[in-house]
Structures are given as structure tokens and as C-alpha cells.
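Undergrad: Handing you a structure now.
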Amino acid sequence: MTYIDRLSKQRFNNWTEGVKTVAISGHIRPDGDCVGSCLGLCTYLLDQDPALCVDVYLDPIPEEFRFLKHADRIRQENEENRIYDLCIILDCSDPDRMNRAQSVFAQAGRTLCIDHHITNEGFGDLSIVCPESSSTCELLYYLIKEHNIFGDGSISIDCAVALYLGIVHDTGVFRHTNTTMETMMAAGELIRCGINTEKIINDTFFRKTYIQNQLLGKALTESMLVLDGRMIFSVLYRKDFSLLKATQQDTDGIIDQLRVTEGIHAALFLYESGEGEFKVSLRSDEYVDVSVIAGEFGGGGHIRAAGCTMNGTVHDIVNNIASRVEMQLEKKEDCPGDSHEETERDELS
Ligand code: AMP
Ligand code: MN
Ligand code: MN
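Here this note's numbering is used: the first residue of the sequence shown is 17, the next is one more, and so on.
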């Protein structure tokens, strides 16, 4: 049974019935799927009912996503102390990661969480968590289209652009194995709406600024192999960012380049996010479940893409993670064939 069939067994009340004010939010450091799902849903709700008040709470979003419809509605603070009838949290694996909307969420009349992270234990009045879905945008597409959860299912071109963008980003342009038949069918239907796929893919996914390329170059040049070439890691420090005039948002894509290194089973990328504090990104192939490793250090994510924040020296952080990767690899060598490959697919961001 596909997750879409499973969803149809759930009863979705009419979630916007009687609702006049809606707050939408996602996770900190918003990525393509987070921005695409938040703005895609905002667009859809306003298309359905232009009289609705919809506010989107997110950290400032990367420049390349600002062309999306209603990006100008994104706000960081609830200055009017508005209490919303409904608050919807998208692509956010746990309540701690929605820092912009925590009080909005706590005070809302009802709350809904829609997500695809395997480590999401569910929160809010209703949680729809589907780890089989490539992206929150794919899940949202099916909820809108097949389950009419927020209206009559008619998707405008602006909504289609946002949802397609999120799918493109979380699947690495349909390359990762979280790309399924359902993903391609959803993408196909969104293309039918008349979107410019080339523009979305090239302008928001592949295009890099000069600074981003320099940062990527530095991370690659200084990367190191460990565990006899089975794991790669790289670190960027605050001084690297100031030297290149780069920001944390410029690190996007670095981990994806590390992960394609031949022979490795796990890739680790760290950047210094505060005094002695590092943002950790992990990627793996079918032998290693990085969601478990990130979870041990207070983070989470998907089987093959996960993250956390860690304190301490780079030496200790790399050793701690490498030892866990090694333990998993040894277990796999002891029980060959016992891999996620056949039974589970990797999920991203
Ligand atoms: P990143 O490496 O930051 O691109 O994150 C990879 C995946 O792990 C994404 O799905 C993130 O949402 C998730 N993730 C990253 N950091 C954390 C964290 N601290 N807690 C929970 N999930 C995280
Ligand atoms: Mn996602
Ligand atoms: Mn995300």
C-alpha cells in the first residue's frame, strides 16, 4: 500500500472551515522544501479564499527563493501579537526547530504538522508525517490534490512553481533514491500547470555565486578521508566565512559534493556556527543510517541525510561521529545483505 493510499484512510476534517487567520511556518535555516511548502500552501490558501489572512513565519530566506509568490509575506516577528485560528508547521521535524513560530504555535486555535522526516514523533493537534515522501512539497501536493484537505484541489501556476521547487531541492533534482513513482507523478502534474522547470532548476538549485563556489572550493580542498577512505569530512571556520565574505547560507550544496566522493559510505560537513559550536551535516549511502547518529547528538533528519548541532573541538566531533559510522559499517560487514537498500529509501532535507 502506498503512503497515498494510507493517507486516504485518515479522516481529514475540513481544516479551514471557520478559519479566518492562518499562520504557516517551517524549520530554522529554511531550505528549498521548507520555503516551497510554506509559500506553496500560502498561495493555495489565498487562491482558495482571497479574504483569508495568511502570515508566513520564517528566518530570512535565501535570495534565490525570493521570486516565489508571497515571499514578501514572510515575517520574523508577530508584532501585532496576533492569535491565529490555525497554525500549520511544514517540513519541521520537531517543535524546537521552528524558532520563529513557537509562541504563535502555542497560542493558535488549532495546530497541524505536515512533514516527511523519519525522526518526527508528531506534534500539534494533528500530525501528518510520511517518511516515504521525498519532500514535504510532494506530500502537500497529494494532500491538496487527492485529499482536498484545504480546498477544491485546483493548483495555480504560482502554487505549482513553489511545490515543484521543493521537490527539486529535496530530491537533488530527482537524483536521490527518495525519488519515487509518486514523486515523478506529482512533478509531472505540476509541470502540466505550465511551470518553467528549467528556470526553477537552474536558477535555484545549480546556480552558485562566486563566493559560494569559493567556499565550496575551500571545503573540498581541505576535506580529509578517514576510516580507511570510507568516510570524508570537511570543516569551515568563522574566519573562513569572514575572509570570503560568505554567510552560513552559502554552504548549501557543499555536503552534496562531498557525498559523491568515490569509495566513501558517509560524508560529514561541519561549520562553526558559534563559539565552540558546529552545525553538523551528515550524508550516507545504503550502509549507514545517519538519522540514528544525528539523533544521538540531539538532532535528526532522514536515513541518508541528517544533521545536528554539536559543541566541542572538531577533533572530538569527528571522532565521535566516525566511531558511530564505523560501528554501523562493521555491523553491515558482519551481516551482509542487511541493508536498507531494498526496504527503505533515503530521504532528504
Ligand atoms: P542538513 O544537513 O542541514 O541539510 O540537514 C539534513 C536533514 O537533517 C534535513 O532534513 C534537516 O531537516 C535535518 N536536520 C538537520 N539538522 C537537524 C537538527 N538539529 N535536528 C533535527 N533535524 C535536523
Ligand atoms: Mn524536506
Ligand atoms: Mn527542509
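Beta carbons: idealized from backbone N, C-alpha and C, even for Gly.
(1) Distance, Cα to Cα, Gly311 vs Met247?
(2) Based on DSSP bridge pairs, tell me the residues matched to Asn136.
(3) Could you compute how far the alpha carbon of Asp88 sits from the alpha carbon of Gln344?
(4) For Gln92 and Ala176, what's the separation of their Cα atoms in angstroms?
(5) With a 10 Å radius around its C-beta and 16 neighbouring C-beta atoms as the bar for buried, classify Arg6 as buried or exposed.
(6) Does ligand 1 have a heavy atom nearer than 6 Å to the CB of Gly188?
(7) What is the DSSP secondary structure of Thr359, reduced to helix, strand or coil?
(8) As a quick exercise: from Leu57, Ile40 and Asp63, pick the residue whose alpha carbon is nearest that of Asp370.
(9) Out of Ile165, Asp266, Leu259 and His331, point me to the one whose CA is closest to Met240's CA.
(10) Give me the residue from Ile165, Gly233, Ala321 and Glu288 with the minimum Cα distance to Gly328.
(11) Along the chain, which unbroken stretches of the alpha helix (DSSP H) at least 4 residues long are found entirely within the segment 70-156?
(12) Can you give the Cα-Cα distance for Asp305 and Arg299, rounded to whole angstroms?
(13) Could you tell me the alpha carbon to alpha carbon distance between Glu363 and Asn229, rounded to whole angstroms?
(14) Rounded to whole angstroms, what is the Cα-Cα separation between Val120 and Asn218?
(15) Start and end of the alpha helix (DSSP H) containing Cys209?
TA: Short version:
(1) Taking the straight line joining both Cα atoms gives about 19 Å.
(2) Under the DSSP definition of a beta bridge, Asn136 lacks any partner.
(3) Taking the straight line from one Cα to the other gives about 45 Å.
(4) If you take the alpha carbons of Gln92 and Ala176, they lie about 25 Å apart.
(5) Residue coverage of the chain in this structure runs from 17 to 365, which leaves residue 6 outside it and unanswerable.
(6) For ligand 1, not one heavy atom lies less than 6 Å from the Cβ of Gly188.
(7) Note that Thr359 scores a pLDDT of 36, beneath 50, so its modelled location is shaky and nothing firm can be said.
(8) No statement about residue 370 is possible, as the shown extent of the chain runs from 17 to 365 and does not include it.
(9) Restricting attention to Ile165, Asp266, Leu259 and His331, the CA atom closest to the CA of Met240 is found in His331.
(10) Relative to Gly328, the option among Ile165, Gly233, Ala321 and Glu288 whose CA is nearest is Glu288.
(11) DSSP runs (the alpha helix (DSSP H)) wholly in the segment 70-156: 118-123.
(12) Their Cα atoms are separated by approximately 9 Å.
(13) Residue placement at Glu363 is poorly supported in this model, since its pLDDT is 42, which falls under 50; the coordinates still yield a value, given next. Near 26 Å, if we compare the C-alpha coordinates of Asn229 and Glu363.
(14) Going by the C-alpha atoms only, they are around 35 Å apart.
(15) Counting along the chain, Cys209 falls outside any alpha helix (DSSP H), and DSSP gives it neither H nor E.
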